[in-house]
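The opening residue of the sequence shown carries number 132 in this note's numbering; numbering runs sequentially from there.
Even glycine gets a Cβ: it sits at the ideal position worked out from N, Cα and C.
On a predicted model such as this, the values are computed, not experimentally measured, just so you know.
Reviewing the structure listed below.
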Amino acid sequence: MNSRDLDAEVVAAGIHRIPVPTPFAVGRVNSYLIEDEPLTLVDAGPNSGTSLEVLSQGVEALGHSLEELELLVISHQHIDHLGLIGLVAARSGAEVAALDVLAPFAQQYSEQADADDRFATRVMLTNGIPGDVVSALQSVSRAFRAWGARADVTRILHEGEAIRFANRSLTVHHRPGHSPTDTIFHDADRRMLLAADHLLPHISSNPLITRPTDGSDDRPHALEIYMDSMRRTRGMDLDIVLPGHGEPFTDHAQLIDKRFELHKRRAEKLYGLIAQKPRTAYELAQALWGNIAVTQAYLTLSEVLGHTDLLHTAGRVAEMEDGGVVRFRAT
Ligand SMILES: [Zn+2]
Numbered sequence: 132m133n134s135r136d137l138d139a140e141v142v143a144a145g146i147h148r149i150p151v152p153t154p155f156a157v158g159r160v161n162s163y164l165i166e167d168e169p170l171t172l173v174d175a176g177p178n179s180g181t182s183l184e185v186l187s188q189g190v191e192a193l194g195h196s197l198e199e200l201e202l203l204v205i206s207h208q209h210i211d212h213l214g215l216i217g218l219v220a221a222r223s224g225a226e227v228a229a230l231d232v233l234a235p236f237a238q239q240y241s242e243q244a245d246a247d248d249r250f251a252t253r254v255m256l257t258n259g260i261p262g263d264v265v266s267a268l269q270s271v272s273r274a275f276r277a278w279g280a281r282a283d284v285t286r287i288l289h290e291g292e293a294i295r296f297a298n299r300s301l302t303v304h305h306r307p308g309h310s311p312t313d314t315i316f317h318d319a320d321r322r323m324l325l326a327a328d329h330l331l332p333h334i335s336s337n338p339l340i341t342r343p344t345d346g347s348d349d350r351p352h353a354l355e356i357y358m359d360s361m362r363r364t365r366g367m368d369l370d371i372v373l374p375g376h377g378e379p380f381t382d383h384a385q386l387i388d389k390r391f392e393l394h395k396r397r398a399e400k401l402y403g404l405i406a407q408k409p410r411t412a413y414e415l416a417q418a419l420w421g422n423i424a425v426t427q428a429y430l431t432l433s434e435v436l437g438h439t440d441l442l443h444t445a446g447r448v449a450e451m452e453d454g455g456v457v458r459f460r461a462t
């Protein structure tokens, strides 16, 4: 098959990708301008002068301005996506739409981020991360806090509902896993999906262990939740997927199958380590990734716990708690 120019096909559909810089390892984040009525922006980038400048120039290069925007849509709770929403809403007077479970996070950003940090601290200490590493990570998290900001949500979205435009309709679906509030937007007529970070072309979306939105304090099985979400997306009739980072892609089912293979392999590798001797999630992360388990402790911890959850559900490992710290052993 001749290689397709997916960007051109997306533009022909009236959707423009504006990659906005972020201070995070992931690199630029995609903001999407939808030229329709209402004139819409999906995600806006992190809260910084540079990001605002690039976003504003990107919109102007397309013959519009931030002031003209009529609708802002937020894909999920991560600050590289929602940080500028409040500011752009103030400038434009645009409506701000977000899924029901996401709205409280956007509206009470500081309180919610505080609660997330407390939750993360507890999960890290329970899973064997040393106190000094936990303190260092707390400082990093606080330093990043200002890249997010609160936003008033004026339009609450619900699972299965459609956002109607003059020339298209986007169906809203909740796909938790990467975060508890991941939302995707499906144009069934064009077989296009705005997927945000639910599916990324070059990197496996990390199923971050995040405080549940239902107010409970239990650690969610983020990878299992994510795999359920991916199964639902796999069954969708899609041509082009527009991700939150990187370029548009096709063959979403193939990508999802690859992700499932990766998780299966990683679970087996972890099982091998646990079968040698009982270990904490932190020890498992160190055995797999060495020093990255220290500098990226929460990310790697989330990755390990996702897979020990799979093994636990399969009845292959058990958790033992001793002095408030959890170790995994083979059954
Ligand atoms: Zn992101």
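Between residue i and ligand 1, is the CB less than 7 Å from at least one heavy atom?
{"i": "residue 211", "result": "yes"}
{"i": "residue 160", "result": "yes"}
{"i": "residue 157", "result": "yes"}
{"i": "residue 328", "result": "yes"}
{"i": "residue 376", "result": "yes"}
Could you please give me the residues that DSSP links to residue i through a beta bridge?
{"i": "residue 162", "result": "149"}
{"i": "residue 204", "result": "173 and 228"}
{"i": "residue 373", "result": "325"}
{"i": "residue 459", "result": "410 and 450"}
{"i": "residue 380", "result": "372"}
Following a CB-centred definition, is residue i positioned closer than 7 Å to any heavy atom of ligand 2?
{"i": "residue 208", "result": "As for ligand 2, it is missing from this structure, which binds only ligand 1."}
Contact criterion: CB-CB distance below 8 Å. Does residue i meet it with respect to chain B?
{"i": "residue 432", "result": "No chain B appears in this structure, which consists of one protein chain only."}
Entirely enclosed alpha helix (DSSP H) segments - the segment 276-336, minimum 4 residues: List check, alpha helix (DSSP H) in window: nothing returned.
Any 3 or more C-beta pairs closer than 8 Å across the segment 384-399 and the segment 360-367: Yes, they touch.
The segment 257-266 / the segment 203-217 touching (three or more Cβ pairs under 8 Å): The segment 257-266 makes no contact with the segment 203-217, as fewer than three CB pairs between them are under 8 Å.
Cβ pair count under 8 Å reaching 3, the segment 373-385 against the segment 324-331: The answer is yes - the segment 324-331 touches the segment 373-385, with three or more Cβ pairs under 8 Å.
Three-pair Cβ contact test at 8 Å for the segment 307-317 versus the segment 265-285: The segment 265-285 and the segment 307-317 do not touch, with fewer than three beta-carbon pairs separated by less than 8 Å.
Stretch pair the segment 296-308 + the segment 186-200: three plus CB contacts closer than 8 Å: Contact check between the segment 296-308 and the segment 186-200: fewer than three CB pairs, one atom from each, fall below 8 Å, which does not count as touching.
Any 3 or more C-beta pairs closer than 8 Å across the segment 168-186 and the segment 217-235: The segment 168-186 vs the segment 217-235: in contact.
Stretch pair the segment 242-251 + the segment 447-457: three plus CB contacts closer than 8 Å: The segment 242-251 makes no contact with the segment 447-457, as fewer than three CB pairs between them are under 8 Å.
Any 3 or more C-beta pairs closer than 8 Å across the segment 429-444 and the segment 339-351: Yes: at least three Cβ pairs fall under 8 Å.
Cβ contact (3+ pairs, closer than 8 Å) linking the segment 280-288 and the segment 224-234: The segment 280-288 is in contact with the segment 224-234.
Cβ contact (3+ pairs, closer than 8 Å) linking the segment 344-362 and the segment 406-424: Judged by Cβ distances under 8 Å, the segment 344-362 makes no contact with the segment 406-424, as fewer than three pairs qualify.
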